[in-house]
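Residue numbers (the working numbering): 77 to 409.
The beta-carbon is built from N, C-alpha and C at its ideal position, and this holds for glycine as well.
First the structure, in the form of structure tokens, and then the observations on it.
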């Protein structure tokens, strides 16, 4: 009897400890976020600071499944917030409507989609939109393989292309801005939802070319070089100045979060979104994106309080969009 008593007591104490821990985890409200890898650095920075401010009383999880993957989860009511590097599409709106998911659209920053090459590349310091199109359009597959096929001044060397996968909003924006149709692209490039994989690919191949969000370029500018993009008025490098003055076109674009309207009934969601908008200017700058005006962040909060649902974009392209004018106009309706 003595020998069996202590193992039983140990089992009971262990079981109680597990239950207590499980209960404490359950007691902490969770803010569930997923979606764009481009928007991830901003939301992750906000999540870290918010959890510190809340002293662990609220948990925030931030996943990376791409804008498209994030919207699929969002429209299945699996997450509270989706990070999106483009506006919600017609098909996603339909999926959310069918599932009864209503949402509040909140632009949170501008990003400069950045074209990058290996630092040893000395020949393509500037590249035109037309040249990018020749590399990336669907008809280029099995046809355009070498640099000099696009520009005779470039080397007769095989180009290796890297870009986000088909679930990425960055991929959709790039193909629309460069090729003319979203998701219209050659398929024989190295694709990944993880931007670090793209950085590694370009940095390890002298003849590589890729694209991703500005924050990942800045974080890895010792490994890859940005290319000046010529949209018709000469080559322009991405920067805070060229995004703000509108000269970095057509690869400057707004990025968003979409908040489940039902989730805003939860105090932790309201607190998180409020914290996000109040701290966005500093944290967006910290992760090397470009903040919007204070008026836009305040408008986002007003839209949450008033449950202003839907999107201001419809099926219109956001290439070259003046977000400030669109938001101000919508606020007056």
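Neighbourhood of residue i by C-beta distance below 8 Å, restricted to the same chain and skipping five residues each side
i: residue 183; result: 330, 331, 332, 368, 372, 376, 399 and 403
i: residue 316; result: 366
i: residue 309; result: 323
i: residue 232; result: 222, 223 and 224
i: residue 241; result: 142, 247, 267, 268 and 269
i: residue 243; result: 141, 142, 143, 144, 145 and 269
i: residue 251; result: 212, 257, 258, 259, 260 and 261
Residue i and residue j closer than 9 Å at C-beta
i: residue 245; j: residue 288; result: no
i: residue 336; j: residue 110; result: no
i: residue 135; j: residue 104; result: yes
i: residue 194; j: residue 264; result: no
i: residue 223; j: residue 283; result: yes
i: residue 59; j: residue 334; result: As shown, the chain starts at 77 and ends at 409. That puts residue 59 outside it, with no answer to give.
i: residue 326; j: residue 205; result: yes
i: residue 116; j: residue 150; result: no
i: residue 153; j: residue 114; result: no
i: residue 118; j: residue 348; result: no
Those residues which DSSP pairs with residue i across a bridge
i: residue 203; result: 305
i: residue 285; result: 193 and 237
i: residue 186; result: 330 and 366
i: residue 181; result: 334
i: residue 111; result: 159
i: residue 136; result: 107
i: residue 386; result: 180
i: residue 312; result: 305
i: residue 267; result: 239
i: residue 222; result: 234
Proximity test, residue i beta-carbon vs the ligand MG heavy atom, cut-off 8 Å
i: residue 245; result: Absence of the ligand MG from the depicted structure is noted, as is the absence of any ligand whatsoever, leaving it without description.
Own chain partners of residue i with C-beta closer than 6 Å, once the 5 adjacent residues on each side are dropped
i: residue 99; result: The predicted position of residue 99 is uncertain, since its pLDDT is 46 and thus under 50; a value taken from the coordinates is nonetheless stated next. Correct list: empty, nothing qualifies.
i: residue 386; result: none
i: residue 359; result: 121 and 122
Same chain, Cβ closer than 7 Å to residue i, five either side skipped, listed in chain order
i: residue 389; result: 163
i: residue 101; result: Any reading at residue 101 must be qualified, since the residue scores a pLDDT of 47, below 50, and its modelled position is unreliable; the value itself is stated next. Result list for residue 101: empty, nothing under 7 Å.
i: residue 318; result: 312 and 324
i: residue 328; result: 186, 188 and 319
i: residue 353; result: 373, 376 and 377
Outcome for residue i when other beta-carbon atoms lying within 10 angstroms are tallied against a minimum of 16
i: residue 97; result: Here the model assigns residue 97 a pLDDT of 48, short of 50, so the residue's position is not dependable, and the following value carries that caveat. So residue 97 counts as exposed.
i: residue 277; result: buried
i: residue 128; result: exposed
i: residue 185; result: buried
i: residue 479; result: What the structure shows of the chain is the stretch from 77 to 409, and residue 479 is not part of that stretch, so it cannot be assessed.
i: residue 169; result: buried
i: residue 298; result: exposed
i: residue 213; result: buried
i: residue 132; result: exposed
i: residue 124; result: exposed
(request) Pair every Cβ in the segment 286-306 with every Cβ in the segment 165-176, then say whether three or more of these pairs are closer than 8 Å. (result) no
(request) Tell me, please, whether the segment 381-389 touches the segment 131-145 by the rule of three or more beta-carbon pairs shorter than 8 Å. (result) No: the two stretches stay apart, fewer than three of their Cβ pairs being nearer than 8 Å.
(request) Taking 8 Å as the threshold, find out whether the segment 289-304 comes into contact with the segment 199-209 through three or more Cβ pairs. (result) yes
(request) Would you be able to state if there are at least three C-beta pairs under 8 Å between the segment 339-357 and the segment 208-224? (result) no
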